[in-house]
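Student: Before we start, here is the structure in question, set down as structure tokens.
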Amino acid sequence: MIKNLVIVESPAKAKTIEGYLGKDFIVKSSFGHVRDLPKDNNAIDIQNGFKPTYVVNADKREVISQLKKLAKEAETVWLASDEDREGEAISWHLSEALNLSEAKTRRIVFREITKNAILNAIENPRSIDTNLVNAQQARRVLDRLVGFELSPVLWKKIKTGLSAGRVQSVAVRVVVEREREIERHKAVSAYKVVAQFDAGGKRMEAELNTRFKTQAEAEDFLQRCIGAAYGIESLEKKPTKRSPAPPFTTSTLQQEASRKLSFSVAQTMTVAQRLYEAGKISYMRTDSVNLSQEAINAAAAEISRSFGENYVKTRQYKTKSKSAQEAHESIRPTDFAALQVSSDRNEQRLYDLIRKRAIASQMADAEIEKTTATISISGQPERLVATGEVIRFEGFLKVYTESTDDEELADDDVKGMLPPLTEGQALNLQRMQATERFSRPAPRYTEASLVKKLEEMGIGRPSTYAPTISTIQKRGYVEKDNREGKERAYNVLTLEKDQISAQKKTEMAGAEKAKLFPTDIAMVVTDFLVSHFESVIDYSFTAKVEEEFDEIAAGKKQWDKMLGTFYSSFHQTIETSANVERSTVSGARELGVDPISGMKLIAKLGRFGPYVQLGEEVEGTDAKPVYASLRKGQFLESITLEQALELFKLPRVVGEFEGKDMKAAIGRFGPYIQHNSKYYSLPKDLDPLLVNEPEAIALIEAKRKADAEKMIKTFPENPEVTVLNGRFGPYICVGKKNVKIPKGQEPAELTLQQCLDLAEATPDKPARGGFKKKAAPATDAPAAKKTAAKKPAAKKATGTKGTTTKKAAPKKKAE
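According to the UniProt record's numbering, the sequence shown holds residues 1 to 815 in order.
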């Protein structure tokens, strides 16, 4: 007989918790969610209050079977999934799937996996919170309804296989609108003047407090400065304080890990999950900046021990988000004194970030003295300004400095010290430069800055940020990419020794690293949704829906009524969209006329992506249009006639090698050279429109050499069998089958028969997929609950257990 069975979501979490509980406890994992809506159209009974039907996930049937056996033997079952809506739903689904009775079931929650937290949770169990379950259920049902009804509209009107989602489509819209803002931006130049002075043997720099719009204005100013005297007109010293940022929320952790560690949003959450499950940090899905008094005291003690009492200044931060639950905590270490917590490099780096941020939040302000020196120019009204700052007391800066996504702020944020200066002091001009600078468009989003934007707009919650960012990339709407900059010329005027010189220099402008770019299909789909489903992807509407989920979680709103209000108008819009002509949403643009052939050039979106079409089919003639795919970084809505005409120059014959033509072209995987029925990928520094014969020959020969080095042995009597060098060492290739070579066997000495014998003895890899197993019996959802301020005492209020949903009269269904 088992006394206590504790069920958590993950094996790692189970292992950590089992170490804290005695021999009377067995801890097992559910491996995440155990039930979901089926994929058929019996998932949601729209006409019966949006009642969902759930089935046990195919990959969880064995897990449920094992847990059922243990649960039957146990005196008490403790459901210990995470303390959020997803976690509450997992506990409810487990109670239903395992047929747990209320009498033997306990729900426990904790914000960190430490011995004290686990034992405290065991001493303070509660019942399942049906409000949280219904909030999660409302989100799941609403998102299924939107996806199920809206995606087929996109298949009919734009392209098969497309998907739409309540949050994902809004996130794509944000990226698309930023891209268009960048496309519309016209760079405006202005001249920034910087002077370098000798101040009593020390070098200092000052900037003119205005910028000139034209080169002529900048040159006129430098002319007026020839022979001028310079001096310190005024000095202003101003003490300031800088306060630390609050501890991390999910969103701010994702942003800072991106900036400081170059982590993707998904990677941050994966690594944080491991740290949480190992008991090293508190729960990582939170929008609260609150710290418990116990954590504040622990941080203060560590600061006092490490830096001294004068570095301590405890604070309690107030969360701005209306939906944040202050009972929850921000992300912090479970032990502020622990420095080394993992041998895994990424886990340790993220832990260091979390620990330093949390400790810095309870440290004294940094005390800084800012100095501003105003420099006069004899006979001229303009003034130069030099600024510097000195840190008088480091405070929290001794531990942590917050990064920024603002590129211009980051450029201007570095302020050094000024040399000793006095009012009236004469300065010796060494050089003055007027440099042409250009205005910048709004930056493209990184994964982290997109999360920040969505959070600011009230779209999504801590548990949805990472999945949303991953989904829009997996579904081909957004690409995370690096883009090379373009060379840009700029002018520099220099005044030195009373002589003015002019130079034209070049710089690389617009380079991007790990930024989010919308695809053409994202732009077409966004335009269609904005035109015909504006309410569904309206920013304020999406934020309002999130607030309604929060109200359901707080017991202030009934989930089925909220869905009913949404669905009535949404479904009507779906039916209206049936009248939209497919041709109106193709994104087609007429670019102009080819000056040579006189044929029209049109940019379109096709089944395989964006392309340009030269000419049109003319009835009664043999005239056929010619097509060319757009290149990476080109968009349907911005490609020009000239750029499109360039695409028709490919494929082009580059030259001849070994009596065969070499052709340059662009395929699915990028530009390449084709020679003698073989393909050679072009590196980034070779343009298919410009690559020449010697370069193409060098590419082919380099590839042949690499292939030769890879080849260990061939068998002329059976060309399908080869012995090759691979990434992980030598192996045998028989047709499409790769075979491992036994240890001790010399690859070069293998005979054909030995290779064939080894291939026969190696089992084929199992094919992916297979027949679907018969679905487990379906069970009902939690019963719709009337709004109540009081939490239900009994778990049975969540629904009827152990029943199979039966359908009476024909009803309208949604997947």
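Each residue gets a CB set at the ideal place from its N, CA and C atoms; glycine is no exception.
DSSP three-state label for Pro688, please.
Tutor: It is coil, neither helix nor strand.
Student: Assess, as a yes-or-no matter, whether the segment 223-238 is touched by the segment 368-388 under the definition of 3 or more beta carbon pairs within less than 8 Å.
Tutor: Touching, per the Cβ criterion.
Student: With distance defined between alpha-carbon atoms, name the residue in Glu302, Asp764 and Val174 nearest to Lys313.
Tutor: Closest option to Lys313, Cα to Cα, is Glu302.
Student: Taking contact to mean 3 or more Cβ pairs, one atom from each stretch, closer than 8 Å, check whether the segment 472-482 and the segment 505-525 are in contact.
Tutor: Yes, the segment 472-482 touches the segment 505-525.
Student: The beta strand (DSSP E) with Thr319 in it runs from where to where?
Tutor: Run containing Thr319: none; DSSP gives neither H nor E here.
Student: Would you list the residues sitting across from Cys755 in a DSSP beta bridge?
Tutor: The partner list for Cys755 (beta bridge, DSSP) is empty, contrary to what the question assumes.
Student: Jot down the residue ranges of each uninterrupted alpha helix (DSSP H) in the segment 611-660, minimum 4 residues, whole runs only, in chain order.
Tutor: With a minimum length of 4 residues, the continuous alpha helix (DSSP H) runs that stay inside the segment 611-660 are 641-647.
Student: Suppose you measure from the CA of Thr798 to the CA of Ser127; what does that come to, to the nearest Å?
Tutor: Legend: pLDDT at Thr798 = 39, less than 50; position of this residue unreliable, value from coordinates given subsequently. Their Cα atoms are separated by approximately 11 Å.
Student: When you compare each of Tyr311, Leu750 and Ala664 to Leu397 by their alpha carbons, which one comes out closest?
Tutor: When each option's Cα is compared against that of Leu397, the closest is Tyr311.
Student: Taking DSSP as the reference, what is the three-state secondary structure of Glu18?
Tutor: In the structure shown, Glu18 sits in a helix (DSSP, three-state: H, G or I).
Student: Drop a sphere of 10 angstroms on the beta-carbon of Lys660, count the other beta-carbons inside from all chains shown, and report buried for 16 or more, exposed for fewer.
Tutor: The residue is exposed, with fewer than 16 neighbouring Cβ atoms inside 10 Å.
Student: Please list the segments of the beta strand (DSSP E) lying wholly inside the segment 668-732, counting only runs of 3 or more residues, in order along the chain.
Tutor: Correct list: 670-675, 678-681, 711-714 and 721-726.
Student: Tell me the residue span of the alpha helix (DSSP H) that contains Gly606.
Tutor: Where Gly606 is concerned, there is no enclosing alpha helix (DSSP H), although the beta strand (DSSP E) it sits in stretches over Lys600 to Gly606.
Student: How long is the line joining the alpha carbons of Glu86 and Val141, rounded to whole angstroms?
Tutor: Whole-angstrom Cα-Cα distance: 14 Å.
Student: Rounded to the nearest angstrom, what separates Ile118 and Ala43 at their Cα positions?
Tutor: Distance between the alpha carbons of Ile118 and Ala43: 37 Å.
Student: Under a three-way DSSP split, which group does Pro467 fall into?
Tutor: It is helical.
Student: So the beta strand (DSSP E) Ala135 belongs to, where does it begin and stop?
Tutor: Not the beta strand (DSSP E): Ala135 falls in the alpha helix (DSSP H), residues Thr130 to Lys157.
Student: Please report the straight-line C-alpha distance between Ile158 and Arg357, rounded to a whole angstrom.
Tutor: Their Cα atoms are separated by approximately 47 Å.
Student: Excluding sequence positions up to five away, which residues of its chain have a Cβ less than 7 Å from the Cβ of Ala514?
Tutor: Here the set comprises Thr446, Lys480 and Asn482.
Student: What does the Cβ neighbour count give for Ser264, buried or exposed, with the cut at 16 atoms within 10 Å?
Tutor: Its Cβ being crowded by 16 or more others within 10 Å, Ser264 is buried.
Student: Flag this pair as yes or no: are the beta carbons of Leu563 and Phe148 separated by less than 8 Å?
Tutor: No. Outside cutoff.
Student: What does DSSP give as the partner residues of Arg203 in its beta bridges?
Tutor: Its beta-bridge partners are Asp198.
Student: So, does the segment 440-455 touch the segment 489-497, judging by three or more C-beta pairs under 8 Å?
Tutor: Segments in contact, no.
Student: Rounding to the nearest angstrom, what Cα-Cα distance links Ala14 and Ser29 in this structure?
Tutor: Going by the C-alpha atoms only, they are around 6 Å apart.
Student: My understanding is that Pro688 touches Ala664, with C-beta atoms under 8 Å, so please give their C-beta distance in whole angstroms.
Tutor: About 4 Å separates the two Cβ atoms, so the contact holds.
Student: Is the segment 694-705 touching the segment 669-680 in the sense that three or more CB pairs, one from each, lie closer than 8 Å?
Tutor: Verdict: yes, contact present.
Student: Would Ser712 pass as a contact of Val723 if the rule is Cβ separation under 8 Å?
Tutor: Note on identity: in this sequence residue 712 is Ile, with Ser being the wrong assignment. Yes.
Student: Pair every Cβ in the segment 167-180 with every Cβ in the segment 386-395, then say whether three or more of these pairs are closer than 8 Å.
Tutor: Verdict: no, contact absent.
Student: Within the same chain, show all residues whose beta-carbon is closer than 7 Å to that of Val109, passing over the 5 residues directly before and after it, in chain order.
Tutor: Answer for Val109: Glu83 and Ala121, listed in chain order.
Student: So the beta strand (DSSP E) Phe212 belongs to, where does it begin and stop?
Tutor: No beta strand (DSSP E) contains Phe212, which DSSP labels as neither H nor E.
Student: Thinking C-alpha only, which one of Leu291, Pro125 and Glu693 is nearest Val654?
Tutor: Residue Glu693 is the option with its Cα nearest to Val654.
Student: Take Tyr627 as the anchor and find which of Gln47, Leu605 and Thr401 has the nearest alpha-carbon.
Tutor: Of Gln47, Leu605 and Thr401, the residue nearest in Cα terms is Leu605.
Student: Please determine, among Ser535, Phe517 and Leu5, the residue with the shortest C-alpha to C-alpha distance to Lys632.
Tutor: Nearest of Ser535, Phe517 and Leu5 to Lys632, Cα basis: Phe517.
Student: State the Cα-Cα distance for the pair Ser376 and Leu384, rounded to the nearest angstrom.
Tutor: Rounded to the nearest angstrom, the two C-alpha atoms are 7 Å apart.
Student: Provide the residue span of the alpha helix (DSSP H) that contains Met508, from first to last.
Tutor: Not the alpha helix (DSSP H): Met508 falls in the beta strand (DSSP E), residues Gln499 to Ala509.
Student: Helix, strand or coil, according to DSSP, for Ala58 in the structure here?
Tutor: Helix.
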